[in-house]
Structures are given as C-alpha cells and as structure tokens.
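The structure appears right after this line, and notes come after that.
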Amino acid sequence: GAGVSQSPSNKVTEKGKDVELRCDPISGHTALYWYRQRLGQGLEFLIYFQGNSAPDKSGLPSDRFSAERTGESVSTLTIQRTQQEDSAVYLCASKRGANNEQFFGPGTRLTVL
Amino acid sequence: GENVEQHPSTLSVQEGDSAVIKCTYSDSASNYFPWYKQELGKGPQLIIDIRSNVGEKKDQRIAVTLNKTAKHFSLHITETQPEDSAVYFCAASYASGGNTGKLIFGQGTTLQVKP
C-alpha cells in the first residue's frame with residue numbers, strides 16, 4: 011500500500027519568507043509526528059498529533075513554527091519568517107494506534123538562503 | 411528528558427565482517443528501542459526493534475541486545491554486504507496508552523562496507 015508522502019521534496023526560500031510543508035500519512039494511522047534532521051545529525055522531535063489534536067508540541071523550537079492536522083489525515087507544518095538555521099530536512103512519520111512502529115516519509119529538504 | 415548517545419559516528423568494515431553499533435539512554439522509563447536505516451535522500455526505515463521485556467532479538471543477519479540495568483542497547487550486523495552501507499540510527503521511546511511515543515534519536519552511525 012501507499013506509504014507516508016511529503017511535499018514538496020525540496021524547498022528553497024529566502025530568509026524572512028513563510029513556508030508550508032505537507033504530510034500525507036498512511037491511511038488509518040491516527041498518530042502523526044514531525045521531526046527535524048539537520049545535516050549530519052539525528053532526528054529531533056517537533057510535534058505529535060493524535061487524531062487532529064496536538065497533545066505534545068514540546069519540540070517546536072520557537073513560535074515561528076506551527077502545525078495543524080485535519081480530517082485525521084493531512085498535516086501541514088508552517089514556518090513563519092524563516093531563518094537560515096531553519097535549513098534542514100523535515101520528516102513526517104505516522105503510526106497506527108498503540109502499535110509502536112513509526113513509518114517515515116521521504117522528507118522535505120528546506121534551504122533558507 | 412530522555413537523551414540517547416550513539417557510538418561510533420562512523421564505522422568501516424570489510425564485506426563479510428560483523429558491525430556493532432552501541433547506544434545508551436538516560437530515562438529508565440523508556441521501554442521501546444527501534445533501529446532505523448537511512449539511505450541517502452530517503453526517510454529512515456525500521457530494521458529491527460526491541461521492547462524492554464526482552465533481552466535480545468534476531469532477524470536473519472541483524473540482532474539487537476538490550477541491557478536495562480546498564481541502560482544500553484546494541485545493533486549487530488553479521489556477514490555485512492555492500493548494500494548494508496547507510497546511516498543507522500538508534501532511538502528510545504516510552505510507549506504506553508497515554509504517552510506520545512515520540513522517538514528520541516541518537517546522532518547516527520555511518521556504516522561503510524567495503525567490497
């Protein structure tokens with residue numbers, strides 16, 4: 011079946027612009043996560059959705075970052091007034107309920123000039 | 411909060427040799443420990459995982475061991491092949507009904523298998 015998809019695959023933007031990154035989880039997966047991966051680093055947790063609610067936003071680095079999820083499906087991560095330090099690969103993962111395995115998408119590579 | 415340390419950062423082995431990657435974690439409440447393989451330009455893929463009620467798990471050439479007392483776990487790859495070359499990440503999580511299950515990752519190990 012279809013896996014987790016993300017769009018765009020690459021995004022180049024200028025400092026100060028806003029960007030939106032999209033995640034389409036596996037159908038039926040109620041849990042959705044966003045992670046950030048800086049070059050040569052491990053993944054950092056950003057936010058967790060259960061259904062359309064976000065009970066854990068503890069990883070969002072600043073108030074420039076926000077995310078939403080609708081229809082217990084698609085999620086959008088928005089970064090306002092982008093800074094060069096926001097350059098990274100943003101990964102989305104989903105999982106079905108209590109099952110622990112998280113399935114990752116291919117990521118969106120964000121470059122802020 | 412949870413912290414995961416991973417070593418080594420790079421590992422080079424000859425084809426057919428074994429490779430071992432080690433991780434330590436800080437939160438004794440963590441009970442789920444997956445290992446992911448990430449190839450260039452792709453998202454991480456789960457290769458094996460272990461839960462805290464088990465000390466060892468094997469899947470063909472891959473095995474993971476867990477020492478809860480010492481709070482460390484290791485990935486063992488035997489009979490390595492060039493296609494095993496990738497970046498490997500360990501992670502830890504506290505997974506229960508009311509918990510987020512968010513993964514805390516190590517920094518990654520770049521494994522190179524030389525033919």
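Heads up: the sequence lines are chains D and Y, in that order. Under our numbering, the first residue of the first sequence carries the number 11, and numbering increases by one thereafter. Under our numbering, the first residue of the second sequence carries the number 411, and numbering increases by one thereafter. We treat Cβ as the ideally placed atom computed from N, Cα and C, and that holds for glycine. Just so it is clear, the structure is predicted and the values come from calculations on it, not from any experiment.
Beta-carbon of residue i versus every beta-carbon of chain Y: anything under 8 Å?
| i | result |
| --- | --- |
| F75 of chain D | no |
| L101 of chain D | yes |
| Q112 of chain D | yes |
| D28 of chain D | no |
| A41 of chain D | yes |
| Q51 of chain D | yes |
Step through the CB atoms of chain D and report whether any lies within less than 8 Å of the CB of residue i.
| i | result |
| --- | --- |
| L456 of chain Y | yes |
| T510 of chain Y | yes |
| K432 of chain Y | no |
Could you tell me if residue i is buried or exposed, where buried requires 16 or more neighbouring beta carbons within 10 angstroms of its beta carbon?
| i | result |
| --- | --- |
| R48 of chain D | exposed |
| L476 of chain Y | buried |
| Q491 of chain Y | exposed |
| L123 of chain D | exposed |
| Q416 of chain Y | buried |
| S440 of chain Y | buried |
| S436 of chain Y | exposed |
Could you tell me whether the Cβ atoms of residue i and residue j are closer together than 8 Å?
| i | j | result |
| --- | --- | --- |
| Y446 of chain Y | F483 of chain Y | no |
| N20 of chain D | D459 of chain Y | no |
| Q51 of chain D | G117 of chain D | no |
| A501 of chain Y | G516 of chain Y | yes |
| L485 of chain Y | I431 of chain Y | yes |
Out of the options, state which residue places its alpha-carbon closest to the alpha-carbon of residue i.
| i | options | result |
| --- | --- | --- |
| E30 of chain D | D:F113, D:E111, D:S76 | D:S76 |
| Y45 of chain D | D:G38, D:P35, D:L56 | D:L56 |
| T519 of chain Y | Y:I487, Y:P525, Y:T510 | Y:I487 |
| L120 of chain D | D:V14, D:G13, D:R32 | D:R32 |
Comparing the C-beta of residue i with each C-beta of chain C, is any distance below 8 Å?
| i | result |
| --- | --- |
| F483 of chain Y | The structure shown contains no chain C; the protein chains it does contain are D and Y. |
State the start and end residues of the unbroken beta strand (DSSP E) segment that holds residue i.
| i | result |
| --- | --- |
| S438 of chain Y | Neither: S438 of chain Y is in no beta strand (DSSP E) and is coded neither H nor E. |
| D469 of chain Y | 466-469 |
| Y498 of chain Y | 496-502 |
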